[in-house]
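Novice: Residue numbers (the working numbering): 2 to 196.
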Ligand SMILES: [Fe+2]
Ligand SMILES: [Fe+2]
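#1: Ignoring anything shorter than 4 residues or poking outside the region 106-155, list the alpha helix (DSSP H) runs there in chain order.
#2: Where residue 98 and residue 43 are concerned, what is the direct C-alpha to C-alpha distance, given to the nearest angstrom?
#3: Should residue 29 be listed as close to ligand 2, given that the test is whether its C-beta is under 6 Å from any heavy atom?
#4: State yes or no: is the C-beta of residue 87 nearer than 6 Å to some heavy atom of ligand 2?
#5: Shortest alpha-carbon distance to residue 179 belongs to which of 22, 27, 84?
#6: If you draw a straight line from the alpha carbon of residue 78 to that of residue 96, how long is it in whole angstroms?
#7: Go ahead and pull the three-state DSSP assignment for residue 19.
#8: Roughly how many whole angstroms lie between the Cα atoms of residue 113 and residue 22?
#9: Which of the three DSSP states is assigned to residue 10 in this structure?
#10: According to DSSP, simplified to helix, strand and coil, what is residue 168?
#11: Between the Cα of residue 25 and those of 162, 108, 11, spot the shortest distance and give me the residue it belongs to.
#12: Output the distance between the C-alpha atoms of residue 29 and residue 115, rounded to the nearest integer angstrom.
#13: Here's a check: name, in chain order, each residue in its chain whose Cβ is nearer than 8 Å to the Cβ of residue 171, leaving out the five neighbours to either side.
#14: Within the continuous alpha helix (DSSP H) that includes residue 79, where are the two ends?
#15: So is residue 70 buried or exposed if we call it buried at 16+ other beta carbons inside 10 Å?
#16: Contact between the region 162-169 and the region 133-149: three or more CB pairs below 8 Å?
#17: Apply the 10 Å Cβ neighbour rule to residue 125 and answer buried if 16 or more other Cβ atoms are within range, or exposed otherwise.
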């Protein structure tokens, strides 16, 4: 059966029948199973982004972040979160933490999602005064249960990850970890479905 004839024939979702949706369900499942590969491609693609003012490209920055987290003994979910924390840079340059957080949210703990979602404002502590901003933007979250965790992430696995001489592990090293996290059944599908 060709791909064309396997398609549903309805033009409005409300007109689809059980056979249509059973077929779509099978195709969707195949697509979802390929998510780890798309995540890897997204990290690799960061290298060609226009954020060229730094000493390392965004892929190298991401690998350095993940490698430092791994070598510090962080858990697999955290290491993968470090690897993808900037994948929103191309499509969401003004809200890239939220984009990466949305990608992670169904698969990791709320704490790790929160860290990634909020890392941009915490990162400002290290550079904002040089660009006309305030380093204290993160203070709006002071008292939050994951304030210190997010500050720690930025200090140890983000603001320090622009060293071209750091011996990062290659992207392929992280493939099994990415497979483990993004290949699992969503842990929090109820939150993933509504945001
Ligand atoms: Fe970032
Ligand atoms: Fe970063």
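Ideal Cβ positions, reconstructed from N, Cα and C, are used throughout, including at glycine. In this text, all values refer to a predicted model and were calculated from it rather than measured experimentally.
Specialist: If we stick to the structure as given:
#1: 111-124
#2: 15 Å
#3: No, ligand 2 has no heavy atom inside 6 Å of this Cβ.
#4: The answer is yes for residue 87.
#5: 84
#6: Inter-residue distance for residue 78 and residue 96 is about 22 Å (C-alpha atoms, whole angstroms).
#7: When DSSP states are grouped into helix, strand and coil, residue 19 belongs to the helix group.
#8: 34 Å
#9: coil
#10: coil
#11: 11
#12: A direct Cα-Cα distance of roughly 28 Å separates residue 29 from residue 115.
#13: 64
#14: 77-85
#15: buried
#16: no
#17: Around the beta carbon of residue 125, 16 or more other beta carbons lie within 10 angstroms, which makes this residue buried.
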